[in-house]
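J.: What follows is a single structure, and I will ask about it in a moment.
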Amino acid sequence: NSSRMEEAALRAAEHKERGNAYFKKGENERANEEYVVGLSILEESKSEERELQTSLELNRAMALIKLCRYDEAHKCANAACKLQPDNVKALYRRGVACVKLSRIDAAVSDFSRALELEPTTRDARRELLLVNKKKQQPPRIKLGGLYGDVEAQRERRKLEEEAAMAVKRRRHEEANEEREKKGMKRL
């Protein structure tokens, strides 16, 4: 039983490494998929690998933040916080997701706790300053209809372009793998 758990942990770690490689290439959707597989392997085997599980949740949260899927990112960072309540990265990433979800008080709490634990954390300090500035500003009115939120449209367009590029890269890589199987050179 323990050897099955160890094997599961090794397989999950392999998916984590694959996810990290995709993340470095900017293929956040594929990275997220690998992290999900790693987490499900750990869950199915009832593994007690808290470090690996936390790491997979944190990496998944980061990929989801990059994909602007903040609600899911929040859930992953929250799961990491439950596994390791004093994990500075988990608090920071949950705080980032909270900012994007307009949960400002929760973000302030997470960034403040991260700074208590690790006072030299520049990212948390910067985010806390930005959030506190945001709290002092009056809320922005979003225009609907014909003039819609231009910033949101630009963000959506950028995400669609990134997703299209990721699909092209994935197809190119798959074609290269097929060429290699046939003994041909990669393109």
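Sequential numbering from 22 applies to the sequence shown in the numbering used here.
Even for Gly, the Cβ is constructed at its ideal location relative to N, Cα and C.
1. Would you give the residue range spanned by the alpha helix (DSSP H) that aspartate 131 belongs to?
2. Please report the straight-line C-alpha distance between alanine 34 and lysine 46, rounded to a whole angstrom.
3. Compare the beta carbon distance of glutamate 148 and valine 109 with 8 Å and say whether it is the shorter of the two.
4. To the nearest angstrom, how far is the alpha carbon of asparagine 99 from that of leucine 79?
5. Is glutamate 64 closer than 8 Å to leucine 88 when the C-beta atoms are compared?
6. Reducing DSSP to helix, strand and coil, say where arginine 75 ends up.
7. Taking the alpha carbon of leucine 122 as the reference point, which residue from Glu183, Glu93 and Leu208 has its own alpha carbon closest?
8. Once the 5 residues before and after arginine 200 are set aside, which same chain residues still bring their CB inside 8 Å of it?
9. Quick check: what's the CA-CA separation for alanine 185 versus glutamate 195?
10. Using CA coordinates, which residue listed in Glu27, Ala128 and Ser130 is at the minimum distance from lysine 67?
11. With DSSP run on the structure shown, which of helix, strand or coil describes arginine 90?
T.: The relevant details are as follows:
1. First-last of the alpha helix (DSSP H) with aspartate 131: 125 to 138.
2. It is roughly 19 Å from the alpha-carbon of alanine 34 to the alpha-carbon of lysine 46.
3. No; because the gap between Cβ atoms is not below 8 Å, this pair is not in contact.
4. Spanning the two alpha carbons is a distance of roughly 9 Å.
5. Cβ distance not < 8 Å, so leucine 88 and glutamate 64 don't count as in contact.
6. Checking the sequence shown, residue 75 turns out to be threonine, not arginine. In the structure shown, threonine 75 sits in a helix (DSSP, three-state: H, G or I).
7. Ranking the options by Cα distance to leucine 122, first place goes to Glu93.
8. Closer than 8 Å at the Cβ level, and outside the excluded window around arginine 200, lie Lys206, Arg207 and Leu208.
9. Roughly 15 Å separates the two Cα atoms.
10. The residue with the shortest Cα to Cα distance from lysine 67 is Glu27.
11. The answer is coil: DSSP assigns arginine 90 none of H, G, I, E or B.
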